[in-house]
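Here the sequence shown stands for residues 14 to 211, numbered as in the working numbering.
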Amino acid sequence: MEFSEVVRRRKMVRNYTADPVDPAVIDKILHNATRAPSAGFSQGWGFLVLDTPEDVRSYWEATADVSEPDSWLTGMMTAPVIVIPCSSKDAYLDRYAQPDKGWTDRDEAHWPMPFWHMDTAMATMLILQTVVDEGLGALYFGIPPESDAAVRKSFDIPDAFDPIGAVTIGHPATGGAKGSPTRRKRTPLEDVVHRGRW
Numbered sequence: 014m015e016f017s018e019v020v021r022r023r024k025m026v027r028n029y030t031a032d033p034v035d036p037a038v039i040d041k042i043l044h045n046a047t048r049a050p051s052a053g054f055s056q057g058w059g060f061l062v063l064d065t066p067e068d069v070r071s072y073w074e075a076t077a078d079v080s081e082p083d084s085w086l087t088g089m090m091t092a093p094v095i096v097i098p099c100s101s102k103d104a105y106l107d108r109y110a111q112p113d114k115g116w117t118d119r120d121e122a123h124w125p126m127p128f129w130h131m132d133t134a135m136a137t138m139l140i141l142q143t144v145v146d147e148g149l150g151a152l153y154f155g156i157p158p159e160s161d162a163a164v165r166k167s168f169d170i171p172d173a174f175d176p177i178g179a180v181t182i183g184h185p186a187t188g189g190a191k192g193s194p195t196r197r198k199r200t201p202l203e204d205v206v207h208r209g210r211w
């Protein structure tokens with residue numbers, strides 16, 4: 014598929030068929046994710062893949078009331094794969110304390126923005142784009158703050174890594190909860206692009 018077509022077709026999918034996803038496709042998706050840029054080539058990311066019915070169910074039990082799911086949760090629980098991208102601040106602080114980067118300490122004040130989260134977010138966008146290129150659907154969404162500890166415990170996520178959200182992946186099905194684009198228009202390009210000055 015042409016890249017422009019991948020970008021045009023990318024949307025958030027909230028309902029999936031029961032068809033499994035080929036593990037080789039998941040490997041390709043994750044390989045592409047690691048092609049994202051990272052400051053100092055720190056590569057401070059990790060991807061937790063939940064691709065068994067038991068692990069997927071455990072994720073939903075750790076984050077939601079599965080006894081009475083609403084339409085969003087009903088559709089989302091059908092996804093056969095969940096990927097949890099995680100960022101590691103330590104990887105960046107350690108990398109930039111190395112001789113070739115010029116800082117002699119790990120002071121977080123050196124960083125105007127949390128590149129560990131930003132780079133992992135870019136890797137997540139490559140996941141979403143590769144999913145489309147493979148004819149699949151996906152949804153990126155946040156993990157409720159009150160569920161962070163349960164997710165970490167359920168899947169042994171190390172303290173040095175922070176989940177930045179979760180991505181469901183599967184074969185798209187019709188229906189599912191409506192997303193915000195059904196209630197809001199895309200902001201026109203001329204309202205968001207500023208040339209020369211704001």
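Built from N, CA and C at the ideal position, the CB exists for glycine as well.
Check whether the stretch 137-148 touches the stretch 160-168, counting contact only when three or more Cβ pairs, one atom from each stretch, lie closer than 8 Å. no
At which residues does the alpha helix (DSSP H) containing residue 136 begin and terminate? 128-146
Check each candidate in 155, 59 and 104 and name the one with the smallest Cα separation from residue 76. 155
Candidates 113, 30 and 147: closest to residue 23 by CA position: 147
State yes or no: is the C-beta of residue 43 nearer than 7 Å to some heavy atom of the ligand HEM? Of ligands this structure carries none, so the ligand HEM is not represented either.
Would you check if there are 3 or more beta carbon pairs closer than 8 Å linking the stretch 101-111 to the stretch 51-62? yes
Out of 181, 132 and 159, state which residue places its alpha-carbon closest to the alpha-carbon of residue 152. 181
Uninterrupted beta strand (DSSP E) stretches inside the stretch 165-195 (no shorter than 3 residues): 179-183
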